[in-house]
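Heads up: the sequence shown at position 75 corresponds to 75 in the numbering used here, and the numbers run straight through without jumps. Note that beta-carbon positions come from the ideal geometry of N, C-alpha and C, so glycine has one too. Here's the structure, in structure tokens; my notes come after.
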Amino acid sequence: MKNDFTVLIVSSVWWSAITRAALEFIESGVTVHAICPQGHSLHCLDGIESFSRYPYFAAPGVLTEAVTRIRPDLIVPADDRVVLALHQAHAEADPTTEAGRLCRETIERSLGQPEFFSYAQTRLKLIDALRARGVPTPAAAALDTAQDVRAWCARTPGPWVLKRDRSWGGSGVVIADTPPEAMAAFRRLSQPARMACALRVLLADRDIYSFMEASSRRPMPVVAQAHVSGMPANIMVACWRGKVIATLGANVVAYQGRTGAATVIEITEAADMVHAARVACGSLQLSGFLGWILCVAPKPAPITS
């Protein structure tokens with residue numbers, strides 16, 4: 001049964017979770033369009049109205065054109081790279097034109113208010129916002145130089161968690177047990193990826209987008225966080241204009257390495273995780289589907305994803 005609601009799903013990675021979400025939309029009678037890499041599992045679904053390939057270059061412009069052409073009621077980004085591209089498309093759209101207004105209004109309806117877009121671009125800003133609103137968070141600091149690393153290790157008990165901004169899936173996270181490990185992690189995370197690593201991503205993961213980002217040779221911001229002992233967990237949130245509509249929490253029973261993706265999870269309904277999600281969504285007036293990584297024992301502390 002068809003209805004008049006249209007969703008544009010946009011993915012730059014090959015994760016299959018968005019395909020299951022697309023199937024739910026289709027079975028609910030929603031018209032679904034997709035922008036994704038070639039070979040994505042979304043192509044296995046029969047009910048998607050149209051496909052476009054996620055672009056290698058100039059993604060914001062391509063997304064603006066797609067919004068103007070499709071005129072979706074909602075955009076569902078599957079990963080952080082797409083979220084950042086949508087933020088850029090919003091900033092570049094001309095509000096004095098009909099197409100620009102349509103683009104900006106659709107992105108705001110799908111993601112939330114633009115004054116809070118910057119909170120998605122740096123972990124530290126989100127941590128500070130949650131701490132200011134009474135949500136337990138780990139100590140954190142931006143690391144710009146080697147001296148910052150030494151000062152952080154001197155004043156904060158180890159181990160330490162170092163994270164590269166604009167990374168996900170555990171790929172830009174290192175847990176360091178000693179000051180030399182922390183220094184080595186900072187140097188690796190803050191510097192552009194070596195070409196050999198970029199080629200491995202391209203050949204092994206078929207991820208040309210990460211390869212192109214790595215080959216750009218741009219340094220990346222790094223954030224340090226105090227390590228929180230306990231079981232890793234995450235929560236998925238559906239929200240609309242700051243109001244949480246539904247949540248799904250999971251304890252991570254097993255995962256790849258010390259910081260990698262979860263391989264075995266246990267569904268949970270931790271009240272503290274839900275509270276942190278409600279505070280974040282309400283304070284930042286978020287819309288869409290969001291996820292956070294947390295630690296649920298002995299005391300909840302958002303670690304951010």
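Please confirm whether residue i and residue j have their CB atoms less than 8 Å apart.
i	j	result
L189	V149	no
H43	L8	no
T19	L45	yes
G112	S229	no
H227	P180	no
I127	T259	no
P77	V10	yes
R166	M231	no
W292	A271	no
S41	S16	yes
R53	P72	no
R81	P95	no
T268	A254	no
A66	I107	no
R133	S28	no
Could you spell out where the beta strand (DSSP E) holding residue i opens and where it closes?
i	result
F51	S50 to R53
E266	A262 to T268
A142	A140 to L143
V173	V173 to A176
T247	K243 to Y255
C239	P232 to W240
R71	Where R71 is concerned, there is no enclosing beta strand (DSSP E), given that its DSSP letter is neither H nor E.
R164	W160 to R164
For the alpha helix (DSSP H) containing residue i, name the first residue and the last one.
i	result
A224	That residue, A224, is in no alpha helix (DSSP H); its beta strand (DSSP E) goes V222 to A226.
E105	E98 to L111
V83	D80 to E92
V279	A271 to L284
V135	Premise fails: V135 is in no alpha helix (DSSP H) and is neither H nor E.
R188	P179 to S190
R258	Per DSSP, R258 belongs to no alpha helix (DSSP H) and is neither H nor E.
A154	A146 to R155
Report back the beta-carbon spacing between residue i and residue j to the nearest angstrom; my notes put them in contact at under 8 Å.
i	j	result
Q285	R241	6 Å
A91	L63	12 Å between Cβ atoms; not a contact.
P60	A89	4 Å
R109	L74	7 Å
Q256	V161	That belief does not hold up - the Cβ atoms of Q256 and V161 are roughly 16 Å apart, past 8 Å.
T68	L102	6 Å
L130	V13	That belief does not hold up - the Cβ atoms of L130 and V13 are roughly 26 Å apart, past 8 Å.
I26	G47	4 Å
V83	A120	6 Å
F186	L143	6 Å
M183	A146	6 Å
Below 7 Å, is the gap between the Cβ of residue i and the nearest heavy atom of the ligand ZN?
i	result
E65	For the structure depicted, the ligand ZN is absent and the ligand set is empty, with no information on it obtainable.
What are the complete alpha helix (DSSP H) segments, minimum 4 residues, inside the stretch 7-32?
-> 17-27
Counting pairs of Cβ atoms below 8 Å between the stretch 250-270 and the stretch 228-238, do you hit three or more?
-> yes
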